């Protein structure tokens with residue numbers, strides 16, 4: 001049977017099941033409604049004049065924030081014709097108050113608003129009048145600025161008494177307390193000119209939406225992309241994971257496997273059946289997104305974004321199915337679905353917002369790409385439909401030349417590569433479990449590959465980060481930050497290592513117990529990952545540490561990794577009861593805290609603490625004793641739980657590699 | 001399809017054998033009863049037979065060959081397996097459910113429609129064909145689950161507690177259907193702890209107790225194993241002498257396990273280990289001796305009697 005026939009045979013029953021009856025029509029209607037909402041939503045944000053739409057455009061860098069425009073051009077924005085009329089009347093009244101000393105300010109809020117703006121403008125005038133003009137400017141520029149400073153001084157002197165009289169200024173000018181006018185800034189000079197031209201009273205400008213048709217198209221595509229992101233990062237994995245949990249609960253996997261479909265075919269069928277309606281509903285949105293991408297950024301970027309979205313969705317579904325199967329064997333489908341949702345939504349939302357607003361350099365988030373690949377999906381949605389000019393990033397930066405536009409693309413590829421690895425491992429594990437073999441979900445080699453990819457991926461991602469775009473803490477070029485990089489990389493790989501340990505420990509040799517079966521390899525994996533994290537770090541990293549620091553920092557890192565690995569093995573091999581679960585959570589919190597402590601020790605170094613092994617001893621020796629107690633007790637407790645419990649049977653079915 | 005088990009063991013935790021050293025054959029055209037009390041290992045054995053799990057030790061061969069990853073799908077396609085539970089989709093109607101599995105089995109459209117209609121009729125589900133499974137009664141759901149196993153005319157039928165939830169008529173129909181399947185050449189394995197359901201249906205029996213196989217056939221006593229024993233209740237008139245009856249029974253090798261006087265006469269519990277011809281001679285002797293025989297009635301079935309012999313009365 002050809003591969004196509006096999007795929008067709010596998011998918012046909014599940015697609016029939018998912019689309020039987022009126023489901024196909026309902027899905028089509030839902031798809032149309034969803035697309036209409038995405039298009040309407042995009043146009044609404046593009047052309048809406050209300051606060052929400054305006055703030056959305058401002059957040060997405062499609063529009064200069066109102067406060068910024070008001071400050072830079074010395075105007076007040078009127079959001080409606082009525083407000084414009086009121087502000088114009090208030091402006092006339094303000095001029096009367098300022099220049100004709102016409103009574104008090106009255107009760108009109110617009111007048112107060114304008115007077116505060118006048119006060120703000122006078123402050124700029126005073127700053128310009130008192131800030132020396134830099135010597136390094138050309139003579140003509142100095143002359144121009146001197147003239148402006150003179151005019152500013154005169155206008156400020158003229159208006160200040162009236163403002164003091166109105167209680168809007170102190171009698172004494174507060175110059176000298178940090179007041180400074182940036183004579184090198186053209187924007188500041190422009191504002192100064194505007195203040196002078198308008199005699200210190202802001203102009204009134206009716207707010208108009210200035211969204212271009214291209215931006216509107218981009219916004220429509222962005223809304224479609226958001227829905228696609230939600231589908232790919234939340235809904236599709238959720239339904240795929242829930243579907244297999246439901247099959248486990250209903251006991252239908254055994255009959256399905258008895259139909260002659262291979263395990264792979266059943267997995268593919270379950271996936272397609274669970275997600276086909278979502279796929280059909282999302283298909284028009286994908287077209288909308290693609291069309292918008294083509295208009296805004298072109299073919300290559302659009303295809304890349306679609307590949308990222310589709311690939312990310314498939315990978316998340318694969319992982320969710322493995323997780324759903326594991327959870328479904330222990331809990332009812334409702335609980336499994338709830339747990340899946342709890343796991344998917346916060347991470348996806350974090351990934352969305354991080355991806356949305358790290359457009360200034362997704363590389364800054366690269367250590368997290370392996371943990372939150374949703375970030376990569378959000379990033380491509382954003383940059384495909386609403387591209388951001390990188391120029392502001394590099395302006396005024398001495399390292400401008402190091403900015404590489406290919407960096408974000410490579411970072412996304414690295415993140416998705418790691419995700420794809422985890423997805424492939426998930427599918428392998430699921431296939432083994434469904435196949436009814438006695439083997440562990442993953443072989444030692446596969447677990448080692450997963451760990452290496454997690455560590456190396458984070459390293460590659462960091463290596464991609466140009467210095468200007470990353471915070472100091474992530475910059476390999478920063479000598480202090482360089483000390484924490486190995487730990488950051490190692491810790492970013494911890495969740496992957498924990499899951500891999502769980503996958504290895506789910507099936508263990510009864511005679512040897514989980515600890516002897518997988519314990520050594522968990523510790524070897526953790527040590528290997530840490531070694532990889534250190535060795536791939538900049539050469540200066542190790543030399544920057546003293547021997548004591550190395551023992552303290554790397555020892556703690558090793559301990560944290562071991563605890564996470566043993567916890568994963570325990571949850572898979574011998575799941576605890578309620579009390580045990582609480583204890584495990586507490587132990588992991590202690591491990592988390594120990595990891596933070598290791599980072600702090602690495603960052604500050606021995607110079608800043610008297611006891612590099614137990615810095616908490618500075619606060620109280622009892623805390624150090626308590627910490628030492630935890631460092632010993634937690635691994636011992638996990639090891640005790642995972643010990644062999646000798647039985648009468650001489651069965652040993654390990655050595656699956 | 002012939003399935004041979006050779007020294008099959010299974011443990012889940014490495015501390016206790018769920019089944020141990022199972023060696024028997026499931027032959028085409030025969031019905032094998034897998035019987036035993038709860039927790040005896042019936043369902044585990046059935047799942048191993050259905051290739052749903054691998055033995056911890058020993059081998060299971062299908063037509064002489066152990067399954068390999070590449071042959072597993074073809075072996076599974078020849079098996080109809082009903083495990084514990086109904087394995088239904090509550091939102092699917094019987095017709096949709098059967099059509100779904102017929103598609104999974106790769107049946108061609110025409111054959112698929114015919115097979116669905118046929119098994120719907122076979123299990124009296126035609127009237128409920130368009131009712132969601134979640135709204136069906138327990139018995140109807142069991143019928144549907146059974147119907148699924150028959151869609152592709154499997155060469156081996158492995159069913160766990162198939163009569164669970166069925167009404168008397170349904171049980172009779174089920175016996176007829178299973179017998180017909182075996183007569184058609186299928187190897188049938190029925191796991192149950194309700195022995196009367198299997199009586200008269202099974203050609204072979206495997207009695208599991210503490211994971212061990214205790215007995216392997218109903219065709220007659222095997223050398224070195226316990227003889228087949230039948231339990232009867234003999235009713236006599238009030239005038240009959242218990243001493244006479246005891247003497248006749250002793251001559252014919254019948255063991256009187258108990259006797260009690262009733263308002264109408266006497267009742268004797270007999271254990272009979274000989275053939276039915278000998279039984280007829282025994283009854284004739286009783287009549288000839290003036291025992292006033294009113295009736296002779298089996299008090300437990302073949303299989304119950306068999307189970308009684310080998311399982312220390314741990315029958316469910």
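Chains as they are written, first to last, in my numbering: chain A, 1 to 657; chain B, 1 to 316. Every residue gets a Cβ at the ideal spot worked out from N, C-alpha and C, and that includes glycine. These numbers were taken from a predicted model, which means no experiment stands behind them.
| request: Round the Cβ separation of residue 297 of chain B and residue 269 of chain B to the nearest angstrom and send it over; I've been treating them as touching at under 8 Å. | output: Indexing the second chain from 1 puts residue 297 of chain B at position 297. Indexing the second chain from 1 puts residue 269 of chain B at position 269. About 11 Å; that fails the 8 Å criterion.
Compare the Cα-Cα distances from residue 209 of chain A to each of A/598, A/505, A/504, A/53 and report the closest residue. If you number the first chain from 1, residue 209 of chain A lands on position 209. The shortest Cα separation from residue 209 of chain A among A/598, A/505, A/504, A/53 belongs to A/53.
Residue 39 of chain B - DSSP class collapsed to helix/strand/coil: Numbered from 1 along the second chain, position 39 holds the residue referred to as residue 39 of chain B. Looking at residue 39 of chain B - three-state DSSP - the assignment turns out to be coil, as it is neither helix nor strand.
Per DSSP, cross-strand counterpart(s) of residue 269 of chain B: Against the second chain, residue 269 of chain B aligns to sequence position 269. The partner list for residue 269 of chain B (beta bridge, DSSP) reads B/233, B/258.
_How far does the alpha helix (DSSP H) with residue 603 of chain A in it extend, from its first residue to its last?_
By 1-based counting over the first chain, the position of residue 603 of chain A is 603. Residues 578-604.
Taking DSSP's pairing of strands, which residues face residue 75 of chain A in a bridge? Translated into the one-based positions of the first chain, residue 75 of chain A becomes position 75. BP columns for residue 75 of chain A point to A/203.
Can you find a CB in chain B that lies within less than 9 Å of the CB of residue 643 of chain A?
The sequence position of residue 643 of chain A within the first chain is 643, counting from 1. No, residue 643 of chain A lies away from the interface with chain B (no Cβ there is under 9 Å from its Cβ).
- For the stretch 255-283 of chain A, enumerate the residues whose C-beta is nearer than 7 Å to any C-beta of chain B, in chain order. 255, 256, 257, 258, 259, 260, 261, 262
- Task: List the whole-angstrom C-beta distance separating residue 47 of chain A from residue 212 of chain A, where the pair is believed to meet the contact cut-off of C-beta under 8 Å.
- Result: Counted from its first residue, the first chain places residue 47 of chain A at position 47. Counted from its first residue, the first chain places residue 212 of chain A at position 212. Not confirmed; about 11 Å, so no contact.
N- and C-terminal bounds of the beta strand (DSSP E) containing residue 297 of chain B
Sequence index remark: in the second chain, residue 297 of chain B carries index 297 (1-based). Note, residue 297 of chain B: beta strand (DSSP E), 293-298.
Report all residues from its chain with a CB closer than 7 Å to the CB of residue 198 of chain A; omit the five preceding and five following residues, and keep chain order. The sequence position of residue 198 of chain A within the first chain is 198, counting from 1. So the qualifying residues of the chain are 74.
Could you say which of B/17, B/84, B/256 lies nearest to residue 266 of chain B if we only look at CA atoms? Position 266 of the second chain, counted from the start, is the residue given in the question as residue 266 of chain B. The shortest C-alpha separation from residue 266 of chain B is found at B/256.
Check your understanding: Considering only the beta carbon of each residue, do residue 174 of chain B and residue 186 of chain B sit closer than 9 Å?
Key -> Here residue 174 of chain B refers to the residue found at position 174 when the second chain is read from its first residue. Here residue 186 of chain B refers to the residue found at position 186 when the second chain is read from its first residue. Cβ atoms of residue 174 of chain B and residue 186 of chain B: not closer than 9 Å.
Q | Length of the line joining the Cα atoms of residue 100 of chain A and residue 150 of chain A | A | Start at 1 with the first residue of the first chain, and residue 100 of chain A comes out as number 100. Start at 1 with the first residue of the first chain, and residue 150 of chain A comes out as number 150. So the alpha carbons of these two residues sit roughly 23 Å apart.
Query raised in the report: Mind listing which residues of the stretch 223-252 of chain A have their C-beta closer than 7 Å to chain B's C-betas, in chain order?
Result: 250, 251, 252
- prompt: In whole angstroms, what separates the C-alpha of residue 97 of chain B from that of residue 220 of chain A?
  reply: Within the second chain, the letter at position 97 stands for residue 97 of chain B. Within the first chain, the letter at position 220 stands for residue 220 of chain A. Rounded to the nearest angstrom, the two C-alpha atoms are 41 Å apart.
May I have the straight-line CA-CA distance separating residue 200 of chain B from residue 116 of chain B, to the nearest angstrom?
Locating residue 200 of chain B in the second chain gives position 200, counting from the first residue. Locating residue 116 of chain B in the second chain gives position 116, counting from the first residue. Roughly 29 Å between the two C-alpha positions.
- [ ] Establish whether the CB of residue 5 of chain B and some CB of chain A are separated by less than 9 Å.
- [x] Here the question's residue 5 of chain B lines up with position 5 in the second chain. So no, residue 5 of chain B is outside the interface.
Apply the 10 Å Cβ neighbour rule to residue 287 of chain A and answer buried if 16 or more other Cβ atoms are within range, or exposed otherwise.
As a position in the first chain, residue 287 of chain A is number 287, starting the count at 1. It counts as exposed.
*With DSSP collapsed to three states, give me the class of residue 20 of chain B.*
Within the second chain, the letter at position 20 stands for residue 20 of chain B. Correct three-state label for residue 20 of chain B: strand.
| said: So for residue 614 of chain A, helix, strand or coil by DSSP? | reply: In the first chain, counting from the first residue as 1, residue 614 of chain A sits at position 614. Reduced to three states, the DSSP call for residue 614 of chain A is coil.
Could you tell me the distance, in whole angstroms, from the CA atom of residue 604 of chain A to the CA atom of residue 162 of chain A? Within the first chain, the letter at position 604 stands for residue 604 of chain A. Within the first chain, the letter at position 162 stands for residue 162 of chain A. Approximately 54 Å, taken between the alpha carbons.
### Message
Using the Cβ count rule (16 or more neighbours within 10 Å means buried), how would you classify residue 640 of chain A?
### Response
Counted from its first residue, the first chain places residue 640 of chain A at position 640. Residue 640 of chain A comes out exposed.
* Whole-angstrom distance between residue 351 of chain A and residue 227 of chain A, CA atom to CA atom -> Looking up residue 227 of chain A in the first chain gives position 227. Looking up residue 351 of chain A in the first chain gives position 351. Going from the Cα of residue 227 of chain A to the Cα of residue 351 of chain A covers about 14 Å.
C-beta atoms of residue 280 of chain B and residue 245 of chain B nearer than 9 Å | In the second chain, residue 280 of chain B corresponds to position 280, counting from 1. In the second chain, residue 245 of chain B corresponds to position 245, counting from 1. In this structure, residue 245 of chain B does not lie closer than 9 Å to residue 280 of chain B by Cβ.
In whole angstroms, what is the alpha-carbon distance linking residue 590 of chain A and residue 447 of chain A?
Taking the first chain and counting its residues from 1, one reaches residue 590 of chain A at position 590. Taking the first chain and counting its residues from 1, one reaches residue 447 of chain A at position 447. Whole-angstrom Cα-Cα distance: 26 Å.
ask   = Going by other Cβ atoms of all chains shown within 10 Å of its Cβ, with 16 needed for buried, is residue 190 of chain A buried or exposed?
value = Here residue 190 of chain A corresponds to residue number 190 of the first chain, with the count starting at 1. Result: exposed.
query: How many Å lie between residue 269 of chain A and residue 7 of chain A at the Cα?
result: Here residue 269 of chain A is taken as the residue at index 269 of the first chain, counted from 1. Here residue 7 of chain A is taken as the residue at index 7 of the first chain, counted from 1. Distance between the alpha carbons of residue 269 of chain A and residue 7 of chain A: 9 Å.
Does DSSP put residue 191 of chain B in a helix, a strand or coil? Locating residue 191 of chain B in the second chain gives position 191, counting from the first residue. Of the three classes helix, strand and coil, the one that applies to residue 191 of chain B here is strand, per DSSP.
Coarse secondary structure for residue 283 of chain A, derived from DSSP in three states
Reading the first chain from its first residue, position 283 is the one you call residue 283 of chain A. Three-state DSSP puts residue 283 of chain A in a helix.
query: Straight-line CA distance for residue 90 of chain A to residue 50 of chain A?
result: Translated into the one-based positions of the first chain, residue 90 of chain A becomes position 90. Translated into the one-based positions of the first chain, residue 50 of chain A becomes position 50. Rounded to whole angstroms, residue 90 of chain A to residue 50 of chain A spans 22 Å at the Cα level.
Q) When we look at the beta-carbon of residue 469 of chain A and count the other beta-carbons within 10 Å, is it buried (16 or more) or exposed? A) Locating residue 469 of chain A in the first chain gives position 469, where the first residue counts as 1. Note that residue 469 of chain A scores a pLDDT of 41, beneath 50, so its modelled location is shaky; the value from the coordinates is reported in the next line. Buried is the call here.
Is there a Cβ of chain B sitting closer than 9 Å to that of residue 307 of chain A, yes or no?
Translated into positions along the first chain, residue 307 of chain A becomes position 307. No, residue 307 of chain A lies away from the interface with chain B (no Cβ there is under 9 Å from its Cβ).
Open item on the list: In the DSSP assignment, the alpha helix (DSSP H) including residue 239 of chain A goes from what residue to what residue?
Closed with: Taking the first residue of the first chain as 1, we reach residue 239 of chain A at position 239. Element bounds for residue 239 of chain A: 236-250.
Check your understanding: Between residue 9 of chain A and chain B, is there a C-beta pair that is closer than 9 Å?
Key -> Residue mapping note: residue 9 of chain A aligns to position 9 of the first chain, counting from 1. Chain B contact via Cβ: present.
Item to complete: Could you work out which residue in A/206, A/525, A/31, A/34 is closest to residue 88 of chain A when comparing CA atoms only?
Response: Along the first chain, read from residue 1 onward, the residue named residue 88 of chain A stands at position 88. Ranking A/206, A/525, A/31, A/34 by Cα distance to residue 88 of chain A puts A/206 first.
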